[in-house]
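Report on the following structure.
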Amino acid sequence: MDWTYLLIVTVEIIFVIVALLGGFAYMTLVERKVIGRFQLRIGPNQAGPYALLQPIADAVKMIFKEEIIVSNADKVVYMLAPAISVGFALSAFAVVPFGPAVHLFGREIPLQIADVNIGVLYILAMGGIGTYGLVLAGWSSGNNYSLLGAMRTTAQMVSYELPMGIFVASVVLGAGTLTLNGIMSVQRPWYMWLWLWVAFPFYFTVMLAETNRSPFDFPETENELISGFQTEYGGIKFALFFMAEYINMITAAAVMTVVFFGGWRGPLAAQFPLLGIFYFVLKTFIILLLFLWVRASFPRLRYDQLMSFSWKLMLPISLIYLAGTAVLVVLV
Amino acid sequence: MLGQKTDFRQIPVDDIFNGERALATLMTVPYQADEAGEVESVQLLQARFPDSVLATEDFRDQQAVTVKADALLGVARFLRDEMGYDMLLDDTSYDRLNLGQEPRFVGVYELRSVRHNRQLRLLVPAPDDKRPVLPSLTKIWPTANWHEREAFDLMGIRYKGHPDLKRILMPDNWVGHPLRKDYDINREEVPFSVNWEAPEFENLGKQILEPVVPVMEIPDGMDHRHLVINMGPQHPSTHGVLRLIAELEGEKVVRVDPDLGYLHSGFEKQGENVRWKDFVYYTDRMDYLSSMSNNLGYVLAVETLLGIEVPPRAKALRVIMAELQRIASHLVALGTAVLDLSGTSMAFLMYAFRERELITDIFEMVSGGRLTLSYMRIGGLAADVPPAFDYKVRQVLEVMPSRIDEYERMLTDSVIFRGRTEGVGPLSAEDALALGVTGPMLRASGVPYDLRRVRPYCGYEQYDFDVVTETGCDVFSRYLVRVNEMRQSLRIIQQALDNLPAGPVNVDNRKVVPPPREELDHDMEALIHHFKLWTEGMKTPPGSIYHAVENPKGILGFFLVSDGSAHPYRLRVRGPSFVNLQALNRMASGQYVADLIASLGSVDIVLGEVDR
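Protein chains in written order, with our numbering: chain G, 100 to 431; chain C, 316 to 927.
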């Protein structure tokens, strides 16, 4: 390991963080526009052309809001919770390959921060720890609504992580590797691709729960819990939770792109690395639009219904899928 | 499967979401008013309680019986158990101080027999003027609970045997009872430039109040062993300034205690201080999502008191307006109920408001207003409709059926929506009747009680429509009832519009309706009538009547007492959402917090009417 390696990784990290933050900012704009159209509205259109300055206006507003810390709060944990949420959300992206290797300054630079050999486990772990941000926020706020939101987060995590883990295990079983790069590059016959795509709707549903998106957004549920775990958060701390949610969503979409749709691969992508990045962003964006489409179309489930749904429906399906994958792998 | 719509209601919902959903049986309600039975009830009552029945009255075909206070419980039990008066529609009171009658306070009980389609009013004088006490009817009809709290709050009558007699609309530390005739309505000084220097206003606007951390008071019967949460008055799902105190065991609701009065504006007291015609404008502000229906209820009540009937064109136009308003109100009810289930992200709310906009445009065209309409007048309408009215209403008739089908595709056929609503907020027909619940909520519990059918008013008997009922007794049934009622309303509008009679829209009675402007220039009589109407106002014959209409949210009742002057002596409003909200505790106990919100959404409250 030499210092240039460190430098390259640092530059990559900064690039990814900036891209994720920019992606988050403009994702909020896209969401407001798209949901607006679904709801027969126009959506934001005042700040700049096509409201392109809207995220900046939002950020400025959030930053300059008065810092309020409720007197009932456990101050250290209360301040720490948004940081945990957003920190682990950002970390999870580290193993996602977002483009082909580029040749610069006579070196081959992979467009992936860390190609660790347990990439899939790493993502599961980061997602799991990120949930603590929500739980701690709810617990430390000293508010009954936040507490209920935190309770729901815990129950929800227990319910959806099991089928999610089993689906991931099936994919790993099919690909025979734990690295995301390996899963992306593995050569499959056509029927294995079909079998893989069978899992996509289920995995997508589980990811809706993982990222706390509608119709599974119980930790906040504005209807009964006002804003759930983040009721007592305002200003930039609230924005951090918001950021974590969107970055989780982007990461989830990116992982789905890599696992199910070949990541950055596409015509001519290997020759032109920038084209690879473009394919990657495009695929991720289409999956993100699916998140929004679902959000505008369905009422929210009840929190106990998600648990029944996860345990009585998703878990058996995921187990059957795992068994099916094992049979296919052995036979073929 | 093109052109063939799957009826998902026939398919049992997956038990992934919910367990069994038992259907109740449909109750039979006779659609013929039993007026002979009402007279007979009075006679039977006299025969059974010869010493306790003080007087009987038959005014405008309404039977009223005056009963001694100490016999009230026996009489009520007799009426409920043996005469079939299963619903206490209203429980109120009035102060006879200025009528010169003794004793001063009278309790008024408006009874309905859903089973036999009868109505009867009990008047019960409270013996002691200084400390009026009446027996509480909460044991016989639980709906009396809030009504009696309101009478205690506003009139100062104590109810013996009431489980929780405390103020309901006014603040707890309020002094006096506003509806009493000797209550000084000018007691509170209001700052004007003339009295700005008065010592009361010394600190007005000149101080910044210290922030107070309120100690959360927990209602009687709740304690900190469970989690007690305070929903509202600022909460996304309480439909206004309603406060719900919910006791939770985990995520399950043990008890809910609604706290009302944040929007109390004293309409009843104001009504006593304006002329008959001027209260029309106040009715707009009660249930502000159905101004037309409120207008209709009030003008019909006054017309019943006057004994006049409006011309057929006015009747038909009133029906069209009331039914358009019903559609508009149900659209808001559906939109907000779905909003409660889905959060702000789901698109349904805006779909409902898109259709409501068409109706609001029609209202704007006829009355100039979009929310507070004041289109109806005692004796007719404010004006005839403009020529484009017919075209606009037909446009609504044309687009609405397909839009309603679209809603059904979005909601009725959605597994998640059904999972969230089926079996949620159960309210059996017995409970609904005992709690005085009316409107779509009652019909969703399998009781086809619709005043438009059982006591037709305003010419509803001419139209062909079905009383929509469902037997699921849950939030889903209430949703279905509302959706299908919109279809029935369209049918009524279609019939009324096709057979819209020509002719005047006001009665030809110069004591009630002012003469047309052009007559004033050459007709002395007209000028005198106009002058008298504007200086003295319209006078009504002395007497008291109760008139109820079927509003979108339930039965809106007006109890009017006239002393022969141009002002109402007592003007009581029975707001349907006030009474229906009382059933919330019954519906939500034992269910999840999320279901509490769904149940509240299915009540379809408007706080302007709940708090009045």
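All C-beta atoms, glycine included, are put in the ideal place defined by N, C-alpha and C.
Residue range of the beta strand (DSSP E) that includes residue i
i, result
"G/Q255", "G/Q255 -> not in any beta strand (DSSP E); alpha helix (DSSP H) instead, spanning N243 to A274."
"C/D836", "No beta strand (DSSP E) contains C/D836, which DSSP labels as neither H nor E."
"C/L426", "F420 to S428"
"C/R433", "R433 to P440"
"C/F859", "The residue you asked about is not Phe; residue 859 of chain C is Ser in the sequence shown. Looking at the DSSP string, the run of the beta strand (DSSP E) that includes C/S859 is G858 to N866."
"C/D574", "K567 to D574"
"G/E207", "R206 to L210"
"G/V428", "Where G/V428 is concerned, there is no enclosing beta strand (DSSP E), although the alpha helix (DSSP H) it sits in stretches over L414 to L430."
"C/V888", "R885 to R889"
Opening and closing residue of the alpha helix (DSSP H) in which residue i lies
i, result
"G/N347", "G334 to F360"
"C/V714", "F704 to M725"
"G/H202", "Not the alpha helix (DSSP H): G/H202 falls in the beta strand (DSSP E), residues G198 to L203."
"C/L412", "C/L412 -> no alpha helix (DSSP H), and no H or E assigned at all."
"C/N799", "V790 to D813"
"G/V110", "W102 to F137"
"C/N545", "Taken as a continuous stretch (DSSP letters only), C/N545 belongs to no alpha helix (DSSP H), being part of the beta strand (DSSP E) at L542 to M546."
"C/A339", "Segment: none, C/A339 is in no alpha helix (DSSP H) and carries neither H nor E."
"C/V925", "L922 to D926"
C-beta atoms of residue i and residue j nearer than 7 Å
i, j, result
"C/A391", "C/S367", "no"
"C/E425", "C/L412", "no"
"C/T381", "C/L438", "yes"
"C/R832", "C/H844", "no"
"G/V357", "G/L279", "yes"
"C/M661", "C/L611", "no"
"G/G362", "G/A368", "no"
"C/G754", "C/M342", "no"
"C/I677", "C/V614", "no"
"C/R433", "C/E353", "yes"
"C/I912", "C/S657", "no"
Cβ-heavy atom distance, residue i to the ligand PLP, below 6 Å
i, result
"C/S644", "The ligand PLP is absent from the structure shown, which contains no ligands of any kind."
C-alpha gap between residue i and residue j, whole angstroms
i, j, result
"G/K160", "G/V169", "20 Å"
"C/Y772", "C/V864", "8 Å"
"G/A308", "C/D746", "38 Å"
"C/S877", "C/E679", "33 Å"
"G/L295", "G/V267", "11 Å"
"G/I217", "C/G565", "38 Å"
"C/L795", "C/C788", "11 Å"
"C/R430", "C/A441", "30 Å"
"G/V234", "C/A339", "43 Å"
"G/A83", "C/A652", "Since the first residue of chain G shown is 100 and the last is 431, residue 83 of chain G is not available in this structure."
"C/D497", "C/G491", "10 Å"
"C/V556", "C/M601", "14 Å"
"G/A182", "G/F377", "30 Å"
"C/F332", "G/F315", "Its pLDDT being 43, under 50, C/F332 is placed unreliably in this model, and the coordinates cannot settle the point."
"C/I326", "C/F893", "Residue placement at C/I326 cannot be trusted, given a pLDDT of 40 that sits under 50; the coordinates are not used to answer."
"G/P415", "G/R394", "26 Å"
"G/V431", "G/L418", "20 Å"
"G/A343", "G/S184", "6 Å"
"C/D699", "C/S914", "40 Å"
One or two residues paired with residue i in a DSSP bridge
i, result
"C/K475", "C/P450"
"G/Y378", "Answer is none; G/Y378 lacks a bridge partner."
"C/S877", "C/G858"
"G/L152", "Answer is none; G/L152 lacks a bridge partner."
"C/Y907", "C/K567"
"C/F374", "C/Q377"
"C/L403", "C/L426"
"C/V382", "C/V368"
"C/A561", "C/I544 and C/V571"
Listed by chain order, chain B residues near residue i by CB distance under 8 Å
i, result
"C/R669", "You won't find chain B in this structure, because its protein chains are G and C."
* Pair every Cβ in the region 890-909 of chain C with every Cβ in the region 632-642 of chain C, then say whether three or more of these pairs are closer than 8 Å. => no
Note to self: Any contact between the region 813-824 of chain C and the region 765-773 of chain C? By contact I mean 3 or more CB pairs, one from each, below 8 Å.
What the structure shows: no
Counting Cβ pairs, one atom from each stretch, are 3 or more of them under 8 Å apart for the region 714-722 of chain C and the region 876-896 of chain C? no
Check your understanding: Do three or more CB pairs link the region 561-576 of chain C to the region 904-915 of chain C at distances below 8 Å?
Key -> yes
- request: Please determine if the region 848-859 of chain C and the region 662-678 of chain C are in contact, where contact requires at least 3 C-beta pairs separated by less than 8 Å.
  value: no
Q | Contact the region 389-403 of chain G vs the region 132-143 of chain G: 3+ CB pairs below 8 Å | A | yes
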